[in-house]
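Worksheet for the structure shown next.
In my numbering, the protein residues as written are 3 to 231.
Set out below in structure tokens:
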């Protein structure tokens, strides 16, 4: 479904991504792990067209998209849950959800069934929600675009463990519905709960690819690149 092929991405003259390759197959959940500053968010920005790569290709369902503007990529079927949520604080929950909604599968009612708390707060300003509720709102907003693939950038960041578990259960449910998912995370256990395959990134390069079980058994990779004992 999505193929990232040896991309090199820069901020000005700063070379951030060095020949990164990654794939997500249809209906697959893939996790990208790594420490702060490894280049994970830059990869998401490259895929979404915010910071296009200078070299290499990004292919979505057989079509090269790496020279497209971000709005065209979003319309093509990539739905982003950005780092930091990026909800519109003055707008109500309902208004936030409906901003980019398309009527093809996911509906407002279906999102409210997935996140009952959003129904309760539908008329409340987005900026008054808790961090966990804002993350639900960001995820619901992405689902309502009815994209064919969901990209999540650090969805557990800054959330209480109880909310992280709830987000994890939601992603497992979406995976069971065969929604393609690319999950960028530092939360090792959350990522392995969801992923079919795992990539590990360090210093702008992919240094490991394998199954969650294989990563669990690889003490050197966990210790050296993830700080997991």
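Backbone N, C-alpha and C fix where the C-beta goes; we use that ideal spot for every residue, glycine too.
Query raised in the report: Do the CB positions of residue 197 and residue 31 come within less than 9 Å of each other?
Result: The sequence position of residue 197 within the chain shown is 195, counting from 1. The sequence position of residue 31 within the chain shown is 29, counting from 1. For the pair residue 197 and residue 31, the CB atoms are nearer than the 9 Å cut-off.
Query raised in the report: Cβ atoms of residue 168 and residue 128: under 9 Å apart, would you say?
Result: Here residue 128 refers to the residue found at position 126 when the chain shown is read from its first residue. Here residue 168 refers to the residue found at position 166 when the chain shown is read from its first residue. Cβ atoms of residue 128 and residue 168: not closer than 9 Å.
Query raised in the report: So, is residue 16 buried or exposed, given that buried needs 16 or more other C-beta atoms within 10 angstroms?
Result: As a position in the chain shown, residue 16 is number 14, starting the count at 1. It is exposed - the Cβ of residue 16 has fewer than 16 other Cβ atoms within 10 Å.
Requested in this report: Would you mind reading off the limits of the alpha helix (DSSP H) that contains residue 218?
Outcome: Counted from its first residue, the chain shown places residue 218 at position 216. Boundaries of the alpha helix (DSSP H) around residue 218: 214-219.
**Report entry** residue 207 - partner residues in DSSP beta bridges
**Finding:** The residue given as residue 207 occupies position 205 in the chain shown. 204.
Query raised in the report: Per DSSP, what kind of secondary structure is residue 20 in: helix, strand or coil?
Result: Taking the chain shown and counting its residues from 1, the one referred to as residue 20 is at position 18. Under the three-state reduction of DSSP, residue 20 is assigned to strand.
Query raised in the report: Can you give the Cα-Cα distance for residue 146 and residue 72, rounded to whole angstroms?
Result: Numbered from its first residue, the chain shown carries residue 146 at position 144. Numbered from its first residue, the chain shown carries residue 72 at position 70. Looking at the two C-alpha atoms, the distance is approximately 18 Å.
Query raised in the report: Okay, do the stretch 184-201 and the stretch 155-166 touch, 3+ Cβ pairs below 8 Å being the bar?
Result: Taking 8 Å as the limit for Cβ pairs, the verdict is that the stretch 155-166 does touch the stretch 184-201.
Report task. Report, in whole angstroms, the separation of the C-beta atoms of residue 193 and residue 35, which I expect to be a contact under 8 Å. Result -> Residue numbering aside, residue 193 sits at position 191 when the chain shown is read from its first letter. Residue numbering aside, residue 35 sits at position 33 when the chain shown is read from its first letter. For residue 193 against residue 35, the beta-carbon gap comes to about 6 Å, under 8 Å, which counts as contact.
Query raised in the report: What are the start and end residues of the alpha helix (DSSP H) that includes residue 12?
Result: Here residue 12 refers to the residue found at position 10 when the chain shown is read from its first residue. Boundaries for residue 12: no alpha helix (DSSP H) harbours it, while the beta strand (DSSP E) harbouring it runs 4-13, taken from the DSSP string.
Requested in this report: Measure the C-alpha to C-alpha separation of residue 1 and residue 174 and round it to an integer number of angstroms.
Outcome: With the chain running from 3 to 231 in the structure shown, residue 1 is simply not present.
Query raised in the report: Distance, Cα to Cα, residue 172 vs residue 190?
Result: As a position in the chain shown, residue 172 is number 170, starting the count at 1. As a position in the chain shown, residue 190 is number 188, starting the count at 1. Here the alpha carbons of residue 190 and residue 172 stand approximately 17 Å from one another.
Report task. Compare the C-alpha of residue 224 against each of 207, 201, 75 and name the closest. Result -> To locate residue 224, count along the chain shown from 1; it is residue 222. Put simply, of 207, 201, 75 the residue whose alpha carbon is nearest the alpha carbon of residue 224 is 201.
Query raised in the report: Whose C-beta lies closer than 6 Å to the C-beta of residue 8 among residues of the same chain, with five residues either side of it excluded?
Result: Locating residue 8 in the chain shown gives position 6, counting from the first residue. Correct list, in chain order: 21, 23, 58.
Query - CB contact flag (residue 181, residue 150, <9 Å) - result: Counting from 1 along the chain shown, the entry for residue 181 is found at position 179. Counting from 1 along the chain shown, the entry for residue 150 is found at position 148. With a cutoff of 9 Å on beta-carbon distance, residue 181 and residue 150 are scored as near each other.
Query raised in the report: Out of curiosity, what's the CA-to-CA distance linking residue 63 and residue 227?
Result: One-based indexing of the chain shown puts residue 63 at position 61. One-based indexing of the chain shown puts residue 227 at position 225. Separation of residue 63 and residue 227 (C-alpha to C-alpha, rounded to the nearest whole angstrom) is 31 Å.
Report task. In the DSSP assignment, find the unbroken alpha helix (DSSP H) run with residue 135 in it and report its ends. Result -> As a working mapping, residue 135 is identified with position 133 in the chain shown. Unbroken alpha helix (DSSP H) run through residue 135: 133-146.
Query raised in the report: Under a three-way DSSP split, which group does residue 115 fall into?
Result: In the chain shown, the residue the question calls residue 115 occupies position 113. Helix, per DSSP.
Query raised in the report: When you compare only the Cα positions, how much space is there between residue 10 and residue 44?
Result: To locate residue 10, count along the chain shown from 1; it is residue 8. To locate residue 44, count along the chain shown from 1; it is residue 42. Straight-line spacing of the CA atoms in residue 10 and residue 44 works out to 10 Å.
Report task. Would you give the residue range spanned by the alpha helix (DSSP H) that residue 59 belongs to? Result -> As a position in the chain shown, residue 59 is number 57, starting the count at 1. Careful: residue 59 lies outside any alpha helix (DSSP H), inside the beta strand (DSSP E) at 57-62.
Query raised in the report: If we ignore side chains and look at the alpha-carbon of each, how far apart do residue 105 and residue 42 end up?
Result: By one-based count along the chain shown, residue 105 stands at place 103. By one-based count along the chain shown, residue 42 stands at place 40. When rounded, the distance between both Cα atoms is 31 Å.
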